[in-house]
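The block underneath contains the structure these notes are about, expressed in structure tokens.
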Amino acid sequence: MSVKGAELELKSLPRVSARRRMADRTVQSLVYAAFVIAIIPLVSVLWMVVTRGMERLDLDFLTFSMNGLSSSDEGGGANHAIVGTLQQVGLTAVMAVPLGILTGVYLVEYGGNSRLARVITFFVDVMTGIPSIVAGLFILAFWLLALGFEYSGFAGALALAILMMPTVVRATEEMLKLVPNDLREASYALGVPRWRTICFVVLPTALTGIVTGVMLAVARVMGETAPLLLLVFITDAINSNPFEGPQGSLPTFIWYQAGDPNPQAIERAWAAALTLILIIMLLNLGARLLARLRKPVSR
Amino acid sequence: MKNGSRLAALGGVVVAGALALSACGSDNNAGTDASNAPTGKVDCVKGTVNAAGASSQKNAIEEWKKIYAQQCAGATLNYNPAGSGAGIQAFLAGQVSFAGSDSALDAEEAPKAQQRCQGNPAWNLPMVVGPVAVIYNLQGVDGLQLKPETLASIFAGKIKKWNDPAIAKDNPDAQLPDNDIKPIHRADESGTTENFTDYLGNVAGDVWKWEAEKKWPTEAGGQGAPKSDGVVTVLKQTQGGISYVEMSFATKNSLQTAKIANGAGEFVEVSEQSVGSALDGAKIVGQGNDLAMELDYNTKTAGAYPIFLVTYEVVCSKGLPADQAQFVKAFLKYTASEDGQKVLTEAGYAPLSDGLATKVRASIEALS
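Going line by line, the protein sequences match chains A and B. Anchor point for the first sequence: position 99 equals 99 in the working numbering, and the numbering is continuous, going up by one each time. Every number in the working numbering is 1000 more than the matching position in the second sequence, counting from 1.
What follows is the structure, given as structure tokens:
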């Protein structure tokens, strides 16, 4: 009986026709091919940077500056650039992250569909599309030319903050929208005021996403070259005060060294590119770890 | 709570790492470099000064600031080789203390410069003589010879093949291939371009109809590349390419250079000596301590190479903040000194002629 039933079932579900199976296979292989094609540039860039960057990436490279060396000399390092980049991006994050997150909180929790919220959303959209050089020129005209300040890492950080803020606002907004309304209502039902609900229920729930968004924003501004060239200038010496005088930075260091035809300079450019990738990767790993540590709380 | 302390620990590790990295950093590269360039006594003024300008003098400035800093610890010059145009812009806006430029300030820029210097005139001080080498990339053809008209026709896009009869006439013995000529020019505003186009317009006016400008005339065509370094990089990758660049870039990268016919019709190899002969024919047109020059591209002096540029340092005669003014004066005093000029020869430039150098030194003494 059961055997017969199985046979019946087989009959009622006829074998997939050859044509359909072929179509299935074709589409499947097309999808795989598309995936491989999409991955090729990424892998080849990484491969290139790692193999060529490893030639010069050593302790000397991380701890020495280029002070007193011309581009055709051997040796030298990117310490001045690493210090500059970390400080500039750090300052940028200090300015842009709180502002961005608070804006995002306003838009989702308080703004609703009000006129102000719509205007802010519109301008955040516009700001997302600002090319980095325009942000740089704005700060150049405003901070350096009109107010008369000198080149400094802080001026660069101001321009980077303009670029970073909209990304943070967007990420925060999207993540807060994903927080279920039930959570908020449950909190209100227990008599918790709105601000405490946001601080202790909504934000922790969305933390993982917000952190990821912030890290993407950091990675984006860390590679910006144009505003830094205009605002931070370049130097070969270590300047660990971001508020005074020109600083080095990894993107401008790469730009400067890669434009030089001397092989020693090209090697330094590759090593600096690898360093930049490594720093961004470390920051990302740190953020992932942080998000994982927080996870049990929200669930 | 436990998570909170772990977060704090993580943050602490990151901060500590960053601090360690900046604390271990060293500006002292003295051990890694065995420079045997002549060093001289320098007036040591410590401080940091920013300058920007001609990329053609980048190699000279790099050597100078290296030696100056070796003699005078704590003196940092930041030179951004952004091009003559960008350098003058930054100088006029008051962002840099002096500019390097391959051409003297023009009538439009001079009053703005005076404004920038608190009402005092800005001076053009010749500092580096840069022969403009015509570089090319053509395997099997060394020592290419070109008459000015041929050169102009090539860059104007009128001669398109390497075996064109005009080139063959200039090079009776060479085996010229049937390749396309690919002219490469500077994409950014450049004093090298201004000098080169000025030269072409002067010696081959009927072929080269464009004004001398920092920007390459688009109608002339060809491929653009940013900065002197960029031109070299692109030329190295372009079989059949031809371009123009300051001589030090050609020597440093061992590129093929063409011999150019001077006013007497003699084909001359670009070199420090052949430019020195030509420099004697140049006139000073600036007033007083301003040493702007007019170059003679049609020089008939025997063995004189006709295309060269004089790179100026554009400085305020007065009106800079005292610390910057002292630094600029001390640094330029060194670069114009005999020891400073000797560095140029090693870096592939030509030194100032003795008479001119004396005048430059006198002008620098007058800076305040």
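Glycine included, C-beta positions come from ideal geometry on N, C-alpha and C. Every value quoted in this text rests on a predicted model; they were computed, and no experiment measured them.
Short of 7 angstroms from the beta carbon of A1152(B), and not among the five residues preceding or following it, lie these beta carbons of its own chain, in chain order: L1200, A1204, V1207, W1208. For Q247(A) against G153(A), the beta-carbon gap comes to about 4 angstroms, under 8 angstroms, which counts as contact.
Between the region 218 to 230 of chain A and the region 49 to 59 of chain A, the count of C-beta pairs closer than 8 angstroms stays below three; the two stretches do not touch. Among the CB atoms of chain A, none fall inside 8 angstroms of the CB of N1262(B).
Flagged as an interface residue toward chain A: G1025(B), by a C-beta distance shorter than 8 angstroms.
Look at the region 1092 to 1106 of chain B: the residues with a C-beta under 7 angstroms from a C-beta of chain A are A1093, Q1095. Cβ contact annotation for M127(A) (same chain, cutoff 6 angstroms, sequence separation greater than five): P166, in chain order.
Going by C-alpha positions, K1058(B) is about 13 angstroms away from V1343(B). Interface annotation for the region 133 to 162 of chain A against chain B: L144, L145, Y151, criterion Cβ-Cβ distance under 7 angstroms.
Identification of chain A residues near D1173(B) by a Cβ-Cβ cut-off of 8 angstroms yields none; the smallest Cβ-Cβ distance measures about 31 angstroms. Listed along chain A are G68, each with a C-beta nearer than 8 angstroms to that of Q1070(B). The contact set of I234(A) on chain B, defined by CB atoms closer than 7 angstroms, consists of N1078, N1080 in chain order.
Scanning its chain for C-beta atoms nearer than 7 angstroms, with the 5 sequence neighbours on each side dropped, one finds around A237(A) the residues S65, N67, H80, in chain order.
Counting along the chain, N1195(B) sits inside the alpha helix (DSSP H) bounded by residues 1191 to 1203.
The C-beta distance from T1238(B) to N1137(B) rounds to 6 angstroms, short enough to fall under 8 angstroms. Annotation for G1241(B): N1137, K1182, I1184, L1235 place their beta carbon closer than 6 angstroms to its own, counting only its chain and skipping 5 residues before and after. By DSSP's assignment, M165(A) forms no beta bridge with any residue.
Taking the Cα of T225(A) as reference, the smallest distance to any Cα among T172(A), L163(A), I266(A), L42(A) is reached at L163(A). Remark: C-beta atoms of A1357(B) and Q1341(B) approach each other more closely than 8 angstroms. Note: Q1223(B) is bridge-paired with I1184(B) in the DSSP secondary-structure output. Inclusion of L1125(B) and A1113(B) in the CB contact set at 8 angstroms is not warranted, their separation being larger than that value. Looking at the DSSP output, S152(A) shares a beta bridge with G245(A). For N1078(B), the pairing in a beta bridge is given by DSSP as N1050(B). In the three-state reduction of the DSSP assignment, K1236(B) falls in the helix class. For a cut-off of 8 angstroms, the C-beta gap from A273(A) to V49(A) is around 5 angstroms, short enough to register as a contact.
N1253(B) belongs to the set of residues whose beta carbon lies under 8 angstroms from a beta carbon in chain A. In the pairwise beta carbon analysis, the region 1144 to 1158 of chain B is classified as touching the region 1217 to 1228 of chain B: at least three pairs are separated by under 8 angstroms. In the assembly as shown, S249(A) is a buried residue. Its beta-carbon has 16 or more other beta-carbons within 10 Å.
Membership of Y1244(B) in the beta strand (DSSP E) is indicated by the continuous run 1241 to 1246. DSSP places N1124(B) inside the beta strand (DSSP E), whose first and last residues are 1122 to 1137. The Cβ neighbour count for Y110(A), taken over all protein chains shown within 10 Å, is under 16; the residue is labelled exposed. Between the C-alpha atoms of N113(A) and G191(A) there is a straight-line separation of about 25 angstroms. Here DSSP, grouped into helix, strand and coil, assigns Y1312(B) to strand.
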